[in-house]
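See below for the structure under consideration.
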Amino acid sequence: MGYIFAFLIGFGLAVTGGVTMIAYLNFLPAGLSWVDYFIFIQGRIECYFLPIGMLIMAIVIYRFPNRL
Numbered sequence: 000m001g002y003i004f005a006f007l008i009g010f011g012l013a014v015t016g017g018v019t020m021i022a023y024l025n026f027l028p029a030g031l032s033w034v035d036y037f038i039f040i041q042g043r044i045e046c047y048f049l050p051i052g053m054l055i056m057a058i059v060i061y062r063f064p065n066r067l
């Protein structure tokens, strides 16, 4: 049960971070360059949720007991 809960936490973090990064892509048509975009998201804590969530999910998938 703990593995499933950890996976869902990781999934929620990954979704939150991914949606946030996609939403910030709306700054590009407003005149920001790609370099400015990456500098901007580097300072936003919610953009780090994507890699943290993917890492949590990868750990849970690797550690999940496989009893076939």
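The C-terminal residue of the sequence shown carries number 67 in numbering that gives the first Met the number 0, and the numbering is unbroken.
Every residue, glycine too, gets a C-beta built ideally from N, C-alpha and C.
For ASN25, the three-state secondary structure derived from DSSP is helix. Counting along the chain, the unbroken alpha helix (DSSP H) around PHE48 starts and ends at 48-62. The Cβ atoms of GLY52 and ALA13 lie closer than 8 Å to each other.
The Cβ atoms of MET20 and ILE38 lie no closer than 8 Å to each other.
A direct Cα-to-Cα measurement between PRO50 and THR15 gives close to 11 Å.
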